[in-house]
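Read through the structure below, which is laid out as structure tokens, and then see the notes.
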């Protein structure tokens, strides 16, 4: 066992490591014990608190419809944001200054604004100026806000992906007489898309997490909101939080696993350049998939 | 044109946003650095804890964490954060939640910074007899910090935007005021523009300054 920062431990280091392990373990046990005591004091360890989750009612009435809405909003946002982001990203690389400036302004503007403000604004806007029913409005508002924000982030990913390609690709395309649009559509984009896929998939994690904003602020009945109704019904505040948190973790873990599987596959694939745009490298270029969601969940190394 | 702003403390709300951001930034920098140190430490238990913490916290929506701080920690567990005042309590709980969440991202940024320090540097440090703590504190972390100013700036900007989630537990910051105003006033578009402008003013200079600083301080190799 050795790394850059320390040698393979000798006798003294081994003793020190054991001491540190014991102290740290003691601290962890103390923390767990405190939490356990608190839960016991509040009767959170009784079966009444947890049994709802073993019955189908809690799932079919609250959690699964909530999860369904979460997935619906996330999927819609992704499907709309992706082409929009691609267009904005390509426009930012345009030879025409006005096109570059326009898409640059849009991208920078929507990246600077919290998703929550966009959700609040969209919700009110739909209520004032459109005839979307109040039943559909939360979903519309959440999807609109997520699309605007994530299209801007995806635009940066697309731009970084295209810029990461070797310059010779464009030069060779021009040399064999392809036009600008042909170079983009048949040479640059296909390569960039394979390189960007992992970053794009991890952006999905951010979208999934951000749907939760609609739940508390505008009453969108997604997973977190359904948790509230469930907790009110069964009076199990803490257990419902734990179950819902686990559901989010599992969902996002599946997505990030898919992203890393995809990345490995693409690295091996003969058709791509082998260059894969690491989600975190896009972050260095200024892309940071972070609304209320924080960074792309896929930066896991 | 801007009469609708009268009667609302817009600057006060943004001041709350700034306070939330500043306190959470300091807290998450400290906790994130500790987590990063744990993740590269020679003690397997600490490494395991750091990895588990980062992977769990990063995959939970911030909204869930903040709401849990209020409904779970405060209401059920009775964690009052040293104050009976509902407002102060909400503010401190929001900072607590933001720190817990943001630290995971600070930790990841720092860890990628540690990876940029060449192997030879750490080897040289060990060769002259420095131990793990000294190598980390004197050789690796200073260089790692300078390498990750850019990514940390992104984390800070994300944090600034993330403070809006505190509105979910009633902290009177910008998003909370916007929600109130948008419900009471008719000028949806103007109100939206005012708050959007506020956030652009907060995040744009931060990004530009830290981007410039990052380029200036980057270790030239």
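Residue numbers (our numbering), protein chains in the order written: chain L, 19 to 319; chain X, 198 to 418.
Just so it is clear, CB atoms sit at the ideal spot from N, CA and C, and this is done for glycine as well.
Of the residues X:414, X:381, X:367 and X:305, the one whose Cα lies closest to the Cα of residue 230 of chain X is X:305. Sorting L:237, L:64 and L:53 by C-alpha distance to the C-alpha of residue 153 of chain L places L:237 at the top. Residues of chain X with a Cβ closer than 9 Å to the Cβ of residue 39 of chain L are, in chain order, 240, 241, 242 and 243. For secondary structure counted as the alpha helix (DSSP H) over 4 or more consecutive residues, the region 253–334 of chain X holds these complete runs in sequence order: 259–264, 283–313 and 316–324. For a Cβ distance threshold of 9 Å, residue set 252 and 256 of chain X lies close to residue 271 of chain L, ordered along the chain. A Cβ-Cβ separation of about 7 Å places residue 270 of chain X in contact with residue 290 of chain X under the 8 Å criterion.
Every alpha helix (DSSP H) stretch that sits fully inside the region 114–139 of chain L and reaches 4 residues is listed by chain position as 115–130. Burial is judged here by how many other beta carbons sit within 10 angstroms of a residue's own beta carbon; residue 144 of chain L has at least 16 and is buried. The count of Cβ pairs closer than 8 Å, one atom from the region 202–220 of chain L and one from the region 182–193 of chain L, reaches three, so the stretches are in contact. For residue 259 of chain L, the uninterrupted alpha helix (DSSP H) segment begins and ends at 255–286. Residue 173 of chain L places its beta carbon less than 7 Å from that of residue 103 of chain L. Boundaries of the alpha helix (DSSP H) around residue 57 of chain L: 29–59. Across the set X:342, X:282, X:236 and X:362, the C-alpha of X:362 shows the shortest separation from the C-alpha of residue 221 of chain X.
CA-CA distance, residue 84 of chain L to residue 269 of chain L, rounds to 13 Å. Annotation: the continuous alpha helix (DSSP H) that includes residue 162 of chain L extends over 155–181. Within the region 296–321 of chain X, those residues whose Cβ lies closer than 7 Å to any Cβ of chain L are, in chain order, 298, 302, 305, 309, 316 and 319.
For residue 280 of chain L, the closest C-alpha among the options L:116, L:231, L:215 and L:149 is that of L:215. Note that the region 224–233 of chain L does not touch the region 50–58 of chain L; fewer than 3 beta-carbon pairs, one per stretch, sit closer than 8 Å. In the three-state scheme derived from DSSP, where H, G and I count as helix and E and B as strand, residue 380 of chain X is classed as helix. Residue 227 of chain L is a Cβ neighbour of residue 258 of chain X, given a cutoff of 7 Å.
Residue contact with chain X for residue 178 of chain L: absent (no Cβ-Cβ distance below 7 Å to any residue of chain X). Counting of Cβ neighbours within 10 angstroms places residue 406 of chain X among the exposed residues, the total staying below 16. About 12 Å separates the CB atoms of residue 111 of chain L and residue 125 of chain L; that is not less than 8 Å, and the two are not in contact. Residue environment: residue 272 of chain L is assigned as exposed (fewer than 16 neighbouring CB atoms within 10 Å of its CB, all protein chains considered). Residue 358 of chain X has a beta carbon lying within less than 7 Å of a beta carbon in chain L. For residue 236 of chain X, the secondary structure class from DSSP, reduced to helix, strand or coil, is helix. At least 7 Å separates the CB of residue 215 of chain X from every CB of chain L. Comparing alpha-carbon positions, the option among L:285, L:261 and L:278 lying closest to residue 82 of chain L turns out to be L:261. Pairing residue 265 of chain X with residue 368 of chain X gives a Cβ-Cβ distance that is not under 7 Å.
At least 7 Å separates the beta-carbon of residue 404 of chain X from that of residue 336 of chain X. Under the DSSP assignment, residue 77 of chain L falls outside any alpha helix (DSSP H); it carries neither an H nor an E label. When secondary structure is reduced to three states using DSSP, residue 184 of chain L falls in the coil class, being assigned neither helix nor strand. Scanning chain L for C-beta atoms nearer than 7 Å to the C-beta of residue 401 of chain X yields 130, reported in chain order. Taking the Cα positions, residue 196 of chain L is about 37 Å away from residue 408 of chain X.
Any Cβ of chain L closer than 7 Å to the Cβ of residue 385 of chain X would place that residue at the interface, and such an atom is present. Shown here for residue 258 of chain L: same chain residues with a beta carbon closer than 7 Å to its own, the five before and five after excluded, namely 245, 248 and 249 in chain order.
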